[in-house]
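One line per chain: the protein sequences are A and B, in this order. What the first sequence shows, in full-length UniProt numbering, is residues 1 to 249, in sequence order. What the second sequence shows, in full-length UniProt numbering, is residues 1 to 309, in sequence order. Glycine included, C-beta positions come from ideal geometry on N, C-alpha and C. See structure below.
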Amino acid sequence: MKVLVAVKRVVDYNVKVRVKADNSGVDLANVKMSMNPFCEIAVEEAVRLKEKGVASEIVVVSVGPTAAQEQLRTALALGADRAILVEAADELNSLAVAKALKAVVDKEQPQLVILGKQAIDSDNNQTGQMLAALTGFAQGTFASKVEVAGDKVNVTREIDGGLQTVALNLPAIVTTDLRLNEPRYASLPNIMKAKKKPLETVTPDALGVSLASTNKTLKVEAPAARSAGIKVKSVAELVEKLKNEAKVI
Amino acid sequence: MTILVVAEHENGAVAPATLNTVAAAAKIGGDIHVLVAGANVGGVAESAAKIAGVAKVLVADNAAYAHALPENVAPLLVELAKGYSHVLAPATTNGKNILPRVAALLDVDQISEIIAVESADTFKRPIYAGNAIATVQSNAAIKVITVRTTGFDAVAAEGGSAAVEAVAAAHDAGKSAFVGEELAKSDRPELTAAKIVVSGGRGMGNGDNFKHLYALADKLGAAVGASRAAVDAGFVPNDMQVGQTGKIVAPQLYIAVGISGAIQHLAGMKDSKVIVAINKDEEAPIFQVADYGLVADLFEAVPELEKLV
């Protein structure tokens, strides 16, 4: 079966971001960008499904700026077969991305679509669920285990109190949680080979998708800073402070 | 303006997260209706009717809504949402699973994990693992929102007397089925609702050493959490993970033991009122957010702390 994987270009997870002085957003100039960690897990899961003989083709898609080609090339180096970039300059909301992905799903007709559970920049955790709504597919979010069995996929999900397993009819949408797998690294020969793999670029207009949004970000501020703490010398002093100064125990 | 709050419930009782979500709804202003969807949820509906400030409780009692499968619950919410200005759910795994599906079906953008209400259409939410706070305005006819429960003080669970009304609508998409679940058992308070949380990290060394934290937690009436490093090393199950990808907590007191303080962990706990760090590495980033830091070997400090509290 064909598997579609969505990846997002985001600020690297190790970067401590700074808010711009004019409160218009976060300063991303000259900051290291990477593939969103949850998307790496999504690519890895697709590649493992192909290695098991379950998946026949892996198509990786990104909705974003021209530079997102780098992340698509990374996914190709990890084992995806071909890539599609839906080129859009603006910072998009989840619904717009889901609509663009829906158009790609209509065209490619995958049996399984794998996304990360959330992007570490917007922290929205919406796109997979929205894509499931627009396509009418079943959804298996926060997946820690994915097993394709005939015309169904069994997804074990991380829920608040533990784990839950659901059986979904295919085609289905799966979003990955951290423990689904450990992503591999791209080897140098594979990075070289990935340069020759096909990467198609389309515009939202060509897909007939409107990127309009009902949400508007008015401002972005730094969080309130915590006042500096103190170092205590002993456990006895710690307990005394917690009891008498902070009054929390 | 009427607001629909989707109740979170488990084992036949309203979950505390619902009370924080009703508090957020009260800040928006207007009549508050609570939806209880599930199978055999008559008892939940009765307790939901007692929540302070709730005007009406809608009960959708149907086998199709058991285990909150989004393929079945989302169409129900879409049908009901037409009469409301806002649809709110707590940002629990259920809320996060179902609400974006509802928003997309209504063709509106969702606002995730709000921590403050500025006005009926403007909200604050953290982005970039809590390193920035965005103020977001929605012009959607129906505003679909998930609420970070630690951002709002819970309303009283008693004192209200709302009318309970049954919803007949049955939606069974037939696309998904519940197979089973495996819940972690614990007698300690629930992590996200606990007043005190004691968390361990990689520095604990192994799962067995968490017994020191359990002993301290039991003495304090605290919940026990963990960093991702401790979960990935297999010391404890993953539902104990505090952080950007785990649970978000904001207790009165957070005690971080053997946790370095990576930004992904801080995203889950830096709104705690008082933070204590016990770590033998005095350069650990956790000391930058800790109100009280103790540079010491945790295997000596934790048992001593347990004796003294």
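Taking Cβ positions only, does residue i come closer than 8 Å to chain A?
i: residue 36(B); result: no
i: residue 334(B); result: Lying before the first or after the last residue shown, residue 334(B) is absent from chain B, which here runs from 1 to 309.
i: residue 200(B); result: no
i: residue 220(B); result: yes
i: residue 101(B); result: yes
i: residue 161(B); result: no
i: residue 31(B); result: no
i: residue 126(B); result: yes
i: residue 301(B); result: yes
i: residue 180(B); result: yes
i: residue 112(B); result: yes
i: residue 2(B); result: no
i: residue 145(B); result: no
i: residue 130(B); result: yes
i: residue 109(B); result: yes
i: residue 274(B); result: yes
Between which two residues does the beta strand (DSSP E) carrying residue i extend?
i: residue 278(B); result: 274-279
i: residue 157(A); result: 152-159
i: residue 33(A); result: 33-35
i: residue 137(B); result: 132-138
Indicate whether residue i and residue j have their beta-carbon atoms separated by less than 8 Å.
i: residue 223(A); j: residue 130(B); result: yes
i: residue 162(B); j: residue 57(B); result: yes
i: residue 69(B); j: residue 35(B); result: no
i: residue 41(A); j: residue 309(B); result: no
i: residue 111(A); j: residue 171(A); result: yes
i: residue 112(B); j: residue 91(B); result: yes
i: residue 268(B); j: residue 249(B); result: yes
i: residue 302(B); j: residue 291(B); result: no
i: residue 252(B); j: residue 228(B); result: no
i: residue 175(A); j: residue 115(A); result: yes
i: residue 134(A); j: residue 98(A); result: yes
i: residue 286(B); j: residue 246(B); result: no
At what residues does the alpha helix (DSSP H) containing residue i begin and finish?
i: residue 251(B); result: Taken as a continuous stretch (DSSP letters only), residue 251(B) belongs to no alpha helix (DSSP H), as it is neither H nor E.
i: residue 75(B); result: 70-81
i: residue 265(B); result: 263-266
i: residue 244(A); result: 235-244
i: residue 191(A); result: 188-194
i: residue 1(B); result: Taken as a continuous stretch (DSSP letters only), residue 1(B) belongs to no alpha helix (DSSP H), as it is neither H nor E.
i: residue 218(B); result: 210-220
i: residue 106(A); result: 94-108
i: residue 101(B); result: 93-106
i: residue 28(B); result: 16-28
i: residue 143(A); result: Run containing residue 143(A): none in the alpha helix (DSSP H); it sits in the beta strand (DSSP E), 138-149.
i: residue 205(A); result: 204-207
Assuming residue i and residue j make a contact with CB atoms under 8 Å, what is their CB distance in whole Å?
i: residue 86(A); j: residue 61(A); result: 7 Å
i: residue 71(A); j: residue 130(A); result: The pair is not a contact, with the Cβ atoms about 21 Å apart (cut-off 8 Å).
i: residue 239(B); j: residue 184(B); result: 5 Å
i: residue 43(A); j: residue 78(A); result: 5 Å
i: residue 253(A); j: residue 88(A); result: For residue 253(A) there is no data in the structure shown, the boundaries of chain A being 1 and 249.
Could you tell me whether any Cβ in chain B is nearer than 8 Å to the Cβ of residue i?
i: residue 6(A); result: no
i: residue 121(A); result: yes
i: residue 130(A); result: yes
i: residue 126(A); result: yes
i: residue 105(A); result: no
i: residue 145(A); result: no
i: residue 42(A); result: no
i: residue 238(A); result: yes
i: residue 249(A); result: yes
i: residue 184(A); result: no
i: residue 178(A); result: yes
i: residue 241(A); result: yes
i: residue 246(A); result: yes
Please list, in chain order, the chain D residues whose beta carbon lies closer than 9 Å to that of residue i.
i: residue 70(B); result: Given the protein chain composition of this structure (A and B), no chain D is represented.
Point to revise | chain B contacts made by the stretch 203-235 of chain A, where a contact means CB separation under 7 Å | key: 213, 214, 215, 216, 217, 218, 219, 220, 221, 222, 223, 226, 229, 230, 231, 232, 235
Review point. Between the stretch 151-174 of chain A and chain B, which residues of the former have CB atoms less than 7 Å from a CB of the latter, in chain order?
Key: If you check each beta-carbon in the stretch 151-174 of chain A against every beta-carbon of chain B, the ones closer than 7 Å belong to 154, 158, 159, 160, 161, 162, 163, 164, 165, 166, 167, 168, 169.
Check your understanding: Going along the stretch 237-256 of chain B in order, which residues come within less than 8 Å of chain A, judged by CB to CB distance?
Key -> So the list reads 237, 238, 239, 244, 245, 247, 252, 253, given in the order they occur along the chain.
Point to revise | Interface positions of the stretch 73-97 of chain A facing chain B (Cβ-Cβ less than 9 Å), listed along the chain | key: 93, 94, 95, 96
Review point. Relative to chain A, which residues along the stretch 285-296 of chain B have a C-beta separation below 8 Å, given in chain order?
Key: For the stretch 285-296 of chain B, which is checked against every Cβ of chain A, the residues closer than 8 Å are 287, 289, 290, 291, 292, 293, 294, 295, 296.
Practice item. Note down, in chain order, all residues in the stretch 48-60 of chain B with a beta-carbon under 9 Å from any beta-carbon belonging to chain A. Key: Result list empty, no residue passes.
Review point. What residues from the stretch 16-49 of chain A come within 7 Å of chain B, judged by C-beta to C-beta, listed N to C?
Key: From the stretch 16-49 of chain A, only 16, 17, 19, 26 have a Cβ closer than 7 Å to chain B.
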